[in-house]
Structure formats: structure tokens, C-alpha cells
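K.L.:
Just so we're aligned: the sequence shown equals residues 52 to 325 in our numbering. Every residue gets a Cβ at the ideal spot worked out from N, C-alpha and C, and that includes glycine. Please read through the structure below; I'll follow up with questions.
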Amino acid sequence: MVFAILRVREFVPYSAGMNHYSILYRLCHFLPAQPSVLTQSLLTQPVYSLDSTALEQYPMTLSTTLHKIACEYQKLAAIAVKIVQRSDMLEQYLRSLGVWDCYAKNELPQSPQRALLALRGIVHEYPEIETQVQQGQIPDNIVFRSAWTFLLFRYGHRGMYEGDIAYPRFGDSVQQTLAYILSLSPVRKYDDEFPTLPPMTLRAKLALWCWSYYKHLQEQLEYHRSEAMRRTSSLRRELIIAAEQLVRMGRLQRVEEVWHRTTEELITLGASIV
């Protein structure tokens with residue numbers, strides 16, 4: 052068992068020949084099956100190509116913003132590769148011991164999805180507020196408002212498929228966030244959220260430190276993901292401001308068109324934005 056943990060702590064490169072950013076598709080609710088054109092461009096365009104020629108030729112906000120977003124993807128992917136690989140090895144090892152199901156999964160770090168499920172459960176428990184939520188309004192219900200305030204405070208910079216720069220953050224659009232909450236299936240029973248676990252066997256107790264290390268890895272992944280999205284959320288707002296300038300200049304018809312252009316196209320369109 053000790054040997055297995057020591058092996059996990061070693062870094063082994065992720066699948067040779069695989070796209071470095073492919074690991075981001077494994078992160079839960081991070082990227083949709085078909086990302087936007089801009090996101091695909093950011094994930095396939097090497098960062099250095101946005102750093103040297105483009106930035107020297109067009110030293111304006113738009114190209115700088117695109118470069119920073121690409122750097123955030125690159126840094127998160129590099130961290131996620133190491134953490135996901137080690138987590139996979141630990142899970143495989145714990146499953147091979149037959150003890151994986153002995154540990155409470157609600158001990159894993161809280162994610163935006165769990166906060167959203169809590170809000171969906173509140174709507175289920177107070178059906179009189181569902182009409183207001185359907186209309187895109189925050190209901191006058193102290194329980195819902197408290198949970199909503201927590202969501203925006205803790206996860207306002209996060210979003211559904213947050214890895215796609217085209218998708219709004221939870222704090223950007225009340226209507227879309229409420230619509231997504233209603234699309235979730237509420238937790239109806241206590242056992243659904245806190246299932247009864249099998250007895251903790253001696254083997255499970257001996258492997259408990261493996262589980263503790265697995266939880267630590269998930270906490271690290273959630274932390275780095277959250278911080279990357281916090282920075283990307285600000286950069287997304289900068290990108291929208293640049294797109295609004297392009298609309299006023301007549302180079303785009305609508306702000307939303309920015310998500311359907313590649314990095315090269317946007318750098319060219321933004322050549323005179325200062």
C-alpha cells in the first residue's frame with residue numbers, strides 16, 4: 052500500500068501524443084461536447100503565437116485579453132493533468148481493494164453544482180415561488196434568497212460549462228441561472244444526498260489515508276479551477292467590452308458574434324482598438 056502511494060506521488064506524463072488540453076474535457080461540467088469557435092481556437096492555438104508577433108503588431112486590449120485567456124487554459128490544463136492522473140491511480144487502487152464505496156463522497160469539496168441543487172430543492176419545498184423563478188425573478192423567500200446570495204458570493208464567477216468562454220457566469224445572467232436551476236432534478240430523499248454506506252472494514256480503515264490523499268487532490272483541483280475561472284470571468288468582461296467597440300465600429304453586427312470567431316480573426320478585427 053505504501054508503495055502504491057509513493058507511485059501516485061510521482062508525476063507520469065499524461066498519455067503521450069494526446070492533446071494537452073484534452074484533460075479539460077474530463078473535468079465535470081467544464082466544457083460542452085462542442086465548444087464555441089473561440090474556445091476551440093484558444094485551446095488549439097499555441098500561446099506563444101499570440102504572444103510574440105500578434106502582440107507586437109497589435110498591442111491593444113483585445114489581443115492581450117485573448118493571450119491571457121489562453122494562458123489560463125494552459126496553466127489549468129498543466130495542473131489538471133497531474134491531479135487527474137494521480138486521482139485516477141488512487142481510485143483504481145481503492146476499487147481494486149474493494150473499499151471505494153466505503154467512503155462518503157459528500158466529503159469531497161463542494162462544487163457549484165451542489166449549491167445549485169440546494170436551490171432547486173428549495174423551489175421544490177416551496178412550490179409557491181416556482182412561478183416567480185420561471186419568470187426569471189428572485190422570489191421573496193428568505194430561504195431562497197439566502198441560498199442565492201451564497202451562490203453568487205461563492206460561485207458568481209463560475210458557470211455551467213464554465214470552461215467555454217462563450218457561456219455566461221452565474222453572476223452574469225439571473226434569468227439563465229434560474230432557468231438552469233429549474234432544469235435540475237431536486238433531491239427528494241435524504242438517502243439520495245447522504246446514502247447509507249457499507250460498514251467500514253479493516254481494509255477500508257487501513258486504506259483511509261489513501262482516501263484522505265484523494266480528497267486533498269480534489270480540493271486542490273477545485274481550488275485551481277475556481278481561481279482560473281475567477282480570472283477568466285474578468286477577462287470575459289473585457290472581451291465583451293472589446294466586442295461592443297467592434298459593434299460600434301461596424302466590424303461586428305452583434306456582441307455575440309465574438310464567440311463565433313477565431314483568435315486570429317478577432318486580432319485582425321481589433322487592430323485599431325486602443
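Rounded to a whole number of angstroms, what is the C-alpha to C-alpha distance between residue 300 and residue 294?
P.N.:
In the sequence shown, the residue the question calls residue 300 occupies position 249. In the sequence shown, the residue the question calls residue 294 occupies position 243. Near 10 Å, if we compare the C-alpha coordinates of residue 294 and residue 300.
K.L.:
Is the separation between the beta-carbon of residue 211 and that of residue 311 shorter than 8 Å?
P.N.:
The sequence position of residue 211 within the sequence shown is 160, counting from 1. The sequence position of residue 311 within the sequence shown is 260, counting from 1. Their beta carbons are not under 8 Å apart, which means residue 211 does not touch residue 311 by this criterion.
K.L.:
In terms of alpha-carbon separation, which member of 207, 95, 173, 316 lies closest to residue 193?
P.N.:
As a working mapping, residue 193 is identified with position 142 in the sequence shown. It is 173 whose Cα lies nearest to the Cα of residue 193.
K.L.:
Does DSSP put residue 163 in a helix, in a strand, or in coil?
P.N.:
Counting from 1 along the sequence shown, the entry for residue 163 is found at position 112. DSSP places residue 163 in helix when its eight states are reduced to three.
K.L.:
Is the distance from the Cβ of residue 124 to the Cβ of residue 72 below 8 Å?
P.N.:
Residue 124 sits at position 73 when you count from the first residue of the sequence shown. Residue 72 sits at position 21 when you count from the first residue of the sequence shown. In this structure, residue 124 lies near residue 72, with their beta-carbon atoms less than 8 Å apart.
K.L.:
Taking the beta carbon of residue 309 as the centre, do at least 16 other beta carbons fall within 10 Å, making it buried, or is it exposed?
P.N.:
By 1-based counting over the sequence shown, the position of residue 309 is 258. Residue 309 comes out buried.
K.L.:
Of all the alpha helix (DSSP H) runs that stay within the bounds of the stretch 256–319, which reach a length of 4 or more residues?
P.N.:
Correct list: 259–299.
K.L.:
Use the C-beta contact count for residue 191: other C-beta atoms within 10 angstroms, 16 or more gives buried, fewer gives exposed.
P.N.:
Position 140 of the sequence shown, counted from the start, is the residue given in the question as residue 191. Residue 191 comes out exposed.
K.L.:
In this structure, does DSSP put residue 122 in helix, strand or coil?
P.N.:
Here residue 122 corresponds to residue number 71 of the sequence shown, with the count starting at 1. For residue 122, the three-state secondary structure derived from DSSP is helix.
K.L.:
What are the uninterrupted segments assigned as beta strand (DSSP E) that are 3 or more residues long and contained completely in the stretch 163–246, given in chain order?
P.N.:
none
K.L.:
Whether or not the stretch 157–175 and the stretch 198–210 are in contact is what I'm after, with contact meaning three or more pairs of Cβ atoms, one per stretch, closer than 8 Å; do they touch?
P.N.:
yes
K.L.:
Starting from residue 252, trace the alpha helix (DSSP H) both ways and give me its first and last residue.
P.N.:
Counted from its first residue, the sequence shown places residue 252 at position 201. From DSSP, residue 252 is part of no alpha helix (DSSP H); its letter is neither H nor E.
K.L.:
Here's a check: name, in chain order, each residue in its chain whose Cβ is nearer than 6 Å to the Cβ of residue 229, leaving out the five neighbours to either side.
P.N.:
The residue given as residue 229 occupies position 178 in the sequence shown. Cβ neighbours of residue 229 beyond the five flanking positions: 184, 187.
K.L.:
For residue 251, which residues in the same chain have their Cβ closer than 8 Å to its Cβ, ignoring the five residues on either side in sequence?
P.N.:
Locating residue 251 in the sequence shown gives position 200, where the first residue counts as 1. Answer for residue 251: 153, listed in chain order.
K.L.:
Tell me where the alpha helix (DSSP H) around residue 91 begins and ends.
P.N.:
Counting from 1 along the sequence shown, the entry for residue 91 is found at position 40. Looking at the DSSP string, the run of the alpha helix (DSSP H) that includes residue 91 is 88–95.
K.L.:
Consult DSSP for residue 85 and reduce its assignment to one of helix, strand or coil.
P.N.:
The residue you call residue 85 lines up with position 34 of the sequence shown. Reduced to three states, the DSSP call for residue 85 is coil.
K.L.:
Can you say whether residue 236 is buried or exposed, counting buried as having 16 or more other CB atoms within 10 angstroms of its CB?
P.N.:
Locating residue 236 in the sequence shown gives position 185, where the first residue counts as 1. Answer is exposed; the Cβ neighbour count stays below 16.
K.L.:
Look at residue 287 and residue 216 and say whether their C-beta atoms are less than 8 Å apart.
P.N.:
Here residue 287 is taken as the residue at index 236 of the sequence shown, counted from 1. Here residue 216 is taken as the residue at index 165 of the sequence shown, counted from 1. Yes; because the gap between Cβ atoms is below 8 Å, this pair is in contact.
K.L.:
Indicate whether at least one CB of chain D lies closer than 8 Å to the CB of residue 300.
P.N.:
Given the protein chain composition of this structure (a single chain), no chain D is represented.
K.L.:
Determine the DSSP secondary structure at residue 129, reduced to helix, strand or coil.
P.N.:
Here residue 129 refers to the residue found at position 78 when the sequence shown is read from its first residue. Three-state DSSP puts residue 129 in a helix.
K.L.:
Considering only C-alpha positions, which residue in the set 176, 159, 302 is nearest to residue 270?
P.N.:
Residue mapping note: residue 270 aligns to position 219 of the sequence shown, counting from 1. Out of 176, 159, 302, the CA that lies nearest to the CA of residue 270 is found in 159.
K.L.:
What does a CB cutoff of less than 7 Å around residue 255 pick up in its chain, not counting 5 residues either side in sequence?
P.N.:
Sequence index remark: in the sequence shown, residue 255 carries index 204 (1-based). Excluding sequence neighbours, residue 255 sits near 150, 153.
K.L.:
For residue 262, does the count of other Cβ atoms within 10 angstroms reach 16, so buried, or fall short, so exposed?
P.N.:
Your numbering for residue 262 matches position 211 in the sequence shown. Classification for residue 262: buried.
K.L.:
Going by the beta-carbon positions, is the gap between residue 320 and residue 302 smaller than 8 Å?
P.N.:
As a first step, residue 320 must be located in the sequence shown, where it is residue number 269. As a first step, residue 302 must be located in the sequence shown, where it is residue number 251. Cβ distance < 8 Å, so residue 320 and residue 302 count as in contact.
K.L.:
What is the DSSP secondary structure of residue 147, counted as helix, strand or coil?
P.N.:
As a working note, residue 147 is residue 96 in the sequence shown. Three-state result, residue 147: helix.
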